[in-house]
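The structure under discussion appears below in the form of structure tokens.
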Amino acid sequence: MIAVALGLGSSLAWGVADFLGGLASRRLSVLSVLAVSQVVGLALLVIVVALRGEGPPATHHLVVAGASAFVGVGALAAFYRGLAVGTMAVVAPISATAAVVPVAAGVAAGERPSSLQLAGIVLALAGVVLASREEAEEGARGGWAKGAGLALLSALGFGFFFVLIDSASEGDVFWALLSNRVTGVAMLAGFALVLRPSLSFERGDARMLVGVGVFDVAANTSFAVASTQGLVSVVGVCSSLYPVVTVLLARSFLGERVRALQLAGVAVALAGVVAIGAGG
Numbered sequence: 034m035i036a037v038a039l040g041l042g043s044s045l046a047w048g049v050a051d052f053l054g055g056l057a058s059r060r061l062s063v064l065s066v067l068a069v070s071q072v073v074g075l076a077l078l079v080i081v082v083a084l085r086g087e088g089p090p091a092t093h094h095l096v097v098a099g100a101s102a103f104v105g106v107g108a109l110a111a112f113y114r115g116l117a118v119g120t121m122a123v124v125a126p127i128s129a130t131a132a133v134v135p136v137a138a139g140v141a142a143g144e145r146p147s148s149l150q151l152a153g154i155v156l157a158l159a160g161v162v163l164a165s166r167e168e169a170e171e172g173a174r175g176g177w178a179k180g181a182g183l184a185l186l187s188a189l190g191f192g193f194f195f196v197l198i199d200s201a202s203e204g205d206v207f208w209a210l211l212s213n214r215v216t217g218v219a220m221l222a223g224f225a226l227v228l229r230p231s232l233s234f235e236r237g238d239a240r241m242l243v244g245v246g247v248f249d250v251a252a253n254t255s256f257a258v259a260s261t262q263g264l265v266s267v268v269g270v271c272s273s274l275y276p277v278v279t280v281l282l283a284r285s286f287l288g289e290r291v292r293a294l295q296l297a298g299v300a301v302a303l304a305g306v307v308a309i310g311a312g313g
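For the sequence shown, position 240 (counting from the first letter as 1) is numbered 273 according to this note's numbering, and the numbering increases by one without interruption.
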């Protein structure tokens, strides 16, 4: 029961973080959003690791965790940009199909996915196609929804991030997250020195960016603890529902409307993600 509650809590926190990150990216540069929220997350992770008092794991675990930052930050950049230019109710579920990548990586390594996981992959991919299509205007051909390409790119990046961070977490989950965040912040600092984005925010924007960092770390922590308290397959399903939160927030606060075909695609994609998690 505790594992289920924590898994659902991670979905809630990730959903809120994604909504706030996408909303902030409509007002500020993606680099600014990433830089501030990642620094906030880093500060919180330093506190968590210090309070736990556990020493660092083997060096190779930290190196793999650091490497995961390159695909993770890139995926976040594509995701936030997609949320900024597209419809959140479409972009978030497409990005969630990142769950397909770890399964594919497992197959490449010799694992055999369950029938439920294979069905989930088919559903997820079919849902992406449906959710990504825009209705054609009269006399024109239909096209891809705004942000759909960025959402697919972020899904690919998040998928490889999950593979790398899972390997790194064999040493220690929180040290892996800390190494990932340190590398990510260093990389973003390098970009900031070159691109020199404006880091002056209104008070409301600053609160939003802090919220992104806080909810992201809360989600990661909830998921990490949940995975030690119950079946990973159950926790995986509970924590994969975060796009629902993002969609509901976008509908409630932004008044987003989604076409019936796209809504069906969103539902099918989410069903696929849940099936992939349940079949693990």
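C-beta atoms are modelled at their ideal positions from N, C-alpha and C, and glycine is treated no differently. Fair warning: this is a prediction, and the values are worked out from it, not measured in the lab.
Minimum C-alpha distance to residue i - residue among the options
i       : options                            : result
Leu-228 : Ala-293, Ser-62, Ser-43, Ala-36    : Ser-62
Leu-232 : Leu-64, Ala-304, Val-247           : Leu-64
Pro-135 : Arg-292, Ala-125, Gly-153, Val-124 : Gly-153
Gly-202 : Asn-253, Ser-273, Leu-281          : Note that residue 202 corresponds to Ser in the displayed sequence, not to Gly. Measuring from the Cα of Ser-202, the nearest candidate turns out to be Asn-253.
Ala-76  : Leu-282, Arg-166, Asn-213          : Asn-213
Terminal residues of the alpha helix (DSSP H) in which residue i lies
i       : result
Asp-199 : 181 to 201
Gly-312 : Unbroken run through Gly-312: none, as it is neither H nor E.
Thr-92  : 92 to 118
Val-72  : 63 to 85
Val-291 : It is not in any alpha helix (DSSP H) - Val-291 carries neither H nor E in the DSSP assignment.
Ala-131 : Unbroken run through Ala-131: none, as it is neither H nor E.
Gly-217 : 206 to 228
Rounded C-alpha distance that separates residue i from residue j
i       : j       : result
Ala-308 : Thr-92  : 35 Å
Arg-174 : Thr-120 : Caution is warranted here: a pLDDT of 48 is assigned to Arg-174, below 50, making its placement in the model unreliable, and the coordinate value is therefore given only provisionally. If I take the Cα positions, the gap works out to 20 Å.
Val-96  : Ala-102 : 10 Å
Ala-122 : Phe-256 : 23 Å
Glu-171 : Trp-177 : The pLDDT assigned to Glu-171 is 45, lower than 50, so where the model puts this residue is not dependable; a value taken from the coordinates is nonetheless given after this. Taking the straight line joining both Cα atoms gives about 16 Å.
Gly-246 : Ala-184 : 20 Å
Arg-284 : Met-220 : 34 Å
Leu-294 : Ala-304 : 15 Å
Leu-41  : Ala-222 : 33 Å
Ile-198 : Ala-188 : 15 Å
Val-277 : Trp-47  : 10 Å
Arg-145 : Gly-310 : 14 Å
Leu-109 : Asp-238 : 18 Å
Thr-216 : Gly-143 : 31 Å
Val-344 : Gly-160 : Here the chain has residues from 34 to 313 only, and residue 344 is not among them.
Val-299 : Asp-51  : 16 Å
Lys-179 : Gly-139 : 31 Å
Ile-127 : Val-118 : 14 Å
Tyr-281 : Ala-125 : The amino acid at residue 281 is misidentified as Tyr; the sequence shows Leu. Near 11 Å, if we compare the C-alpha coordinates of Ala-125 and Leu-281.
Ser-44  : Phe-191 : 16 Å
DSSP state of residue i mapped onto helix, strand, coil
i       : result
Arg-166 : strand
Ser-44  : helix
Glu-171 : The predicted model places Glu-171 with a pLDDT of 45, which falls under 50 and marks its position as unreliable, so this point remains unresolved.
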